[in-house]
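Some notes on the structure that comes next.
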Amino acid sequence: MSARPIWSSVTIAVGTCPNHLTHIRLNHYIRERCLKRGALAPGVVLPNVEVHPFCIVLTYLSGDESLSVFESQATDPSFLLIFAQTWALAARLRLPTLQNELISVMSSLYTMIVEGICSYQRSAWVDTHLLRAFQHLRSQFGPETHAEKFLVCFSGRTAPLVRELEKQLSSKDFDLDIREKILKEARSFERDPIIHRPYLFRVSALNPPRYPPLDVQRLSQDEGENTDARRFDGAPDNPRPRCAKPILSTPYTRSRRYEQLHHERRSQTQSGIYDSGASPSTADFASTTTVSRRRVSFRLQHQDTMCDSDPTSE
Numbered sequence: 009m010s011a012r013p014i015w016s017s018v019t020i021a022v023g024t025c026p027n028h029l030t031h032i033r034l035n036h037y038i039r040e041r042c043l044k045r046g047a048l049a050p051g052v053v054l055p056n057v058e059v060h061p062f063c064i065v066l067t068y069l070s071g072d073e074s075l076s077v078f079e080s081q082a083t084d085p086s087f088l089l090i091f092a093q094t095w096a097l098a099a100r101l102r103l104p105t106l107q108n109e110l111i112s113v114m115s116s117l118y119t120m121i122v123e124g125i126c127s128y129q130r131s132a133w134v135d136t137h138l139l140r141a142f143q144h145l146r147s148q149f150g151p152e153t154h155a156e157k158f159l160v161c162f163s164g165r166t167a168p169l170v171r172e173l174e175k176q177l178s179s180k181d182f183d184l185d186i187r188e189k190i191l192k193e194a195r196s197f198e199r200d201p202i203i204h205r206p207y208l209f210r211v212s213a214l215n216p217p218r219y220p221p222l223d224v225q226r227l228s229q230d231e232g233e234n235t236d237a238r239r240f241d242g243a244p245d246n247p248r249p250r251c252a253k254p255i256l257s258t259p260y261t262r263s264r265r266y267e268q269l270h271h272e273r274r275s276q277t278q279s280g281i282y283d284s285g286a287s288p289s290t291a292d293f294a295s296t297t298t299v300s301r302r303r304v305s306f307r308l309q310h311q312d313t314m315c316d317s318d319p320t321s322e
């Protein structure tokens, strides 16, 4: 049995096994970048990976290095939780540059808040989303991660009233050490570390910390070849995907690659994989949920990249 071309699309699934999986077909460019790290192989399940942070990572890998999709979520009440989930996913995928870019976006938002350039309204400064953000980071990496230190400083120094902050902290199930660290930052008159010592919250791109890899499970053969899975594909009309550089690690000749990709595209078109009415230059995010199926449409403005996913049963 011949191997698949390295740039062909592959299907993986993310979500809670076994009944709430979102199947995603990754395009050639994402696969090329991820296979170097052995992270996203064909037919795998990434259990307990949330779809939205995963989409943010994939759009970054597709070329959205400014993290415009993540930045657009700043008004979401769960923004701090989304940050923690995305940072943790980047850590486990061994993407230190993305970890630092997330910190940069959060630092820019923080600077605008403390300088009064923008308002940052929340129903409670210490809410369930912040608690879950700390719990998510500690459950995967333990205490004292760079992201945890940033959240401590962010939540402490953006709180308007220390007394109200202390009351809210006491009413939630925060670990005692986190509670004390947040209050210490809120009461501190020292120079702001986010503004004056940003390196405290960044990982070394050359020598990043060792994080546990993602938990990976295998899809069954039927699920792994699911034709209903949506694609993360930046060039739907190009019979041969555009690559940054030739890939020499496969014995396939150029003509054989072309014929196989052309055959796959014809089969996918007949199976209704492509949405002929979709415009890749528009932005859209919608979901329809049933008991065991969820459709997520996620189209990007950046570089006409369209990211769709449709679970059929990371």
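Counting in this note's numbering, the sequence shown runs from 9 upward without gaps. Cβ coordinates follow ideal geometry from the N, Cα and C atoms, glycine included. None of the values given here were measured: they were computed from a predicted structure.
* Asked: How about residue 162 and residue 114: are their beta carbons less than 8 Å apart?
  -> yes
* Asked: So, helix, strand or coil for residue 165, using DSSP?
  -> helix
* Using 10 angstroms around the beta-carbon of residue 1, count the other beta-carbons present and answer buried if the total reaches 16, otherwise exposed. => With the chain covering only 9 through 322, there is no way to say anything about residue 1.
* Any idea if residue 156 is buried or exposed, counting beta-carbon neighbours within 10 angstroms, 16 or more meaning buried? -> buried
* Just how far apart, CA to CA, sit residue 141 and residue 118? -> 17 Å
* To do: Report the option in 164, 202 and 215 whose CA atom is closest to the CA atom of residue 191.
  => 164
* May I ask you to report which of helix, strand or coil DSSP gives residue 38? => helix
* **Same chain, Cβ closer than 6 Å to residue 23, five either side skipped, listed in chain order** => 29 and 30
* Asked: In whole angstroms, what separates the C-alpha of residue 209 from that of residue 226?
  -> 35 Å
* Asked: Quick one: what's residue 55 bridged to in DSSP?
  -> 23
* Would you please verify whether the beta carbon of residue 148 is less than 8 Å from any beta carbon of chain D? => The chain labelled as chain D is not found in the depicted structure, where only one protein chain is given.
* Count the other CB atoms, across all protein chains shown, that sit within 10 Å of the CB of residue 91; report buried if there are 16 or more and exposed otherwise. => buried
* Asked: Based on Cα-Cα distance, which residue from 19, 106, 175 and 196 lies nearest to residue 53?
  -> 19
* To do: Report yes if the C-beta distance between residue 138 and residue 109 is below 8 Å; otherwise report no.
  => no
* Taking residue 68 as the reference, give the member of 55, 103 and 21 with the closest Cα. => 103
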